[in-house]
Amino acid sequence: MFRAIAVLFLTFPMTAWALVPPDYQEPPSDFTAEIEAGFQLNTGNTDSSSFNGRTKLVYDTKQTKQEATFKAYFASDDEKTTSEKYDIQLQSNYKLQSDWGGYVFGRGDFTSDRFGSYTQISTISTGYGFDAISDIDTKLSLEVGPGYRYNMPIETEAEPDPEANADVIIRTAIKFEQKLQEYTSLNADLTAEAGEDNSTLTLDMNYKNTLFQDWAFKIGVNVKYTDVVPEGTKQTDTITTFNLLYTFQ
156 MFRAIAVLFL TFPMTAWALV PPDYQEPPSD FTAEIEAGFQ LNTGNTDSSS FNGRTKLVYD
216 TKQTKQEATF KAYFASDDEK TTSEKYDIQL QSNYKLQSDW GGYVFGRGDF TSDRFGSYTQ
276 ISTISTGYGF DAISDIDTKL SLEVGPGYRY NMPIETEAEP DPEANADVII RTAIKFEQKL
336 QEYTSLNADL TAEAGEDNST LTLDMNYKNT LFQDWAFKIG VNVKYTDVVP EGTKQTDTIT
396 TFNLLYTFQ
């Protein structure tokens with residue numbers, strides 16, 4: 156009996172190693188998420204420094220891809236709140252199984268900006284997109300399609316009771332990702348919304364450096380130009396962020 160137990164004890168670890176090798180890794184998940192928070196500098200319609208947060212959720216399968224991004228910006232000085240802005244971006248892609256490839260998408264962008272030139276901005280769009288470049292180091296996606304935008308201007312002395320503006324738009328977007336080195340990457344999204352009454356151009360760019368495992372340091376710049384703004388407000392808003400980012404899947 157003792158000899159049988161000893162043989163079992165000696166052979167079990169070898170069997171375990173055969174079943175689960177030491178370099179085993181879990182298969183990649185369809186779901187990924189990013190959570191970040193940090194310091195920001197605002198220039199344009201608001202000049203202040205404070206904190207911001209961002210959460211991005213992605214569910215990517217063979218047939219579809221779902222993305223949701225939530226951003227919050229808040230700043231105050233010794234006397235009052237100087238900046239308060241919330242962004243929600245939702246996009247659903249359906250991947251086409253054809254010779255042309257690509258995908259069709261539906262997208263919604265919603266902004267509440269207490270001190271911006273427009274306090275409420277809602278944009279719904281749809282269209283077609285495709286990956287012009289997709290390899291291990293470089294990704295480039297292009298999107299185009301029609302949409303609808305609703306803007307509520309901020310109250311000013313000249314317009315104490317402003318009227319909302321609704322506009323049909325054409326939205327185009329360029330999404331670029333470049334892996335610079337093993338632990339660093341550069342991302343840039345350029346979006347243009349052209350309408351009969353107003354047009355906007357937004358550049359969202361960031362540099363990410365992985366510190367260890369799933370933690371990274373991220374520097375981001377968001378620049379938005381609006382062609383027509385209420386009197387007394389600026390056309391260009393810039394947000395610079397310095398964040399600590401955690402990625403999990």
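If you're matching positions, the sequence shown starts at 156 in our numbering and goes up one per residue. Glycine included, C-beta positions come from ideal geometry on N, C-alpha and C.
Residue i to residue j span [Cα, whole Å]
i	j	result
glutamine 244	isoleucine 279	10 Å
asparagine 207	asparagine 364	19 Å
threonine 327	aspartate 286	14 Å
aspartate 369	phenylalanine 403	7 Å
leucine 400	asparagine 361	12 Å
tyrosine 411	lysine 220	The question about residue 411 has no answer here: the residues shown for the chain are numbered 156 through 404.
threonine 281	methionine 307	22 Å
tyrosine 380	glycine 350	14 Å
phenylalanine 466	leucine 295	The displayed coordinates of the chain run from 156 to 404. Any statement about residue 466 would go beyond what the structure contains.
glutamate 386	aspartate 392	15 Å
tyrosine 179	arginine 209	Note that tyrosine 179 scores 45 on pLDDT, short of 50, meaning its location in the model is unreliable; the coordinates nonetheless yield the value given after this. Taking the straight line from one Cα to the other gives about 32 Å.
threonine 236	leucine 341	32 Å
phenylalanine 260	isoleucine 329	14 Å
glutamate 312	glutamate 234	22 Å
phenylalanine 225	asparagine 377	15 Å
glutamate 191	serine 184	20 Å
isoleucine 325	threonine 187	30 Å
glutamate 348	tyrosine 305	12 Å
glutamate 298	proline 317	33 Å
arginine 262	isoleucine 394	23 Å
aspartate 254	aspartate 264	31 Å
phenylalanine 229	aspartate 290	37 Å
phenylalanine 367	threonine 216	27 Å
tyrosine 214	glutamine 246	11 Å
Exposure label - residue i; buried when at least 16 CB within 10 Å
i	result
valine 323	exposed
glutamine 252	exposed
glycine 302	buried
glutamine 336	exposed
isoleucine 276	buried
proline 315	exposed
valine 384	buried
isoleucine 288	exposed
valine 162	Because the pLDDT at valine 162 is just 49, under 50, the model does not fix this residue reliably, and the value given afterwards should be weighed accordingly. Valine 162 comes out exposed.
glycine 375	buried
threonine 355	buried
glutamine 218	exposed
proline 177	Low confidence applies here, because proline 177 scores a pLDDT of 49, under 50, leaving its location unreliable and the question unanswered by this model.
Sub-8 Å separation of residue i and residue j beta-carbons
i	j	result
threonine 267	serine 231	Sequence inspection shows serine at residue 267; the threonine mentioned does not correspond to that position. Their beta carbons are not under 8 Å apart, which means serine 267 does not touch serine 231 by this criterion.
aspartate 382	aspartate 359	no
threonine 339	threonine 357	no
alanine 227	leucine 212	no
glycine 199	lysine 389	yes
Beta-carbon separation (whole angstroms), residue i vs residue j, contact threshold 8 Å
i	j	result
glutamate 310	phenylalanine 270	So it is not a contact: roughly 11 Å between Cβ atoms.
phenylalanine 372	phenylalanine 194	Contact doesn't hold; Cβ gap of about 12 Å is too wide.
aspartate 352	asparagine 320	6 Å
tyrosine 241	tyrosine 249	With 8 Å as the limit, tyrosine 241 and tyrosine 249 do not qualify as a contact, their Cβ atoms being about 28 Å apart.
tyrosine 283	glycine 300	6 Å
heavy atom of the ligand ADP below 7 Å from residue i C-beta
i	result
asparagine 364	Among the components of this structure there are no ligands whatsoever, and the ligand ADP is therefore not found.
Exercise for review: Just list the beta strand (DSSP E) runs in the region 255-289, keeping only unbroken ones of 3 residues or longer that don't cross its boundaries, in chain order.
Suggested key: Unbroken beta strand (DSSP E) runs of no fewer than 3 residues, entirely contained in the region 255-289, are found at 258-268, 273-289, following chain order.
Check your understanding: Mind pulling the alpha helix (DSSP H) runs of 4 or more residues that sit fully within the region 206-236?
Key -> For the region 206-236, not one full-length alpha helix (DSSP H) segment reaches 4 residues or more.
**Study point:** Segments assigned beta strand (DSSP E), at least 3 residues, entirely inside the region 326-384
**Key:** Here the runs fully enclosed are 339-350, 354-367, 370-381.
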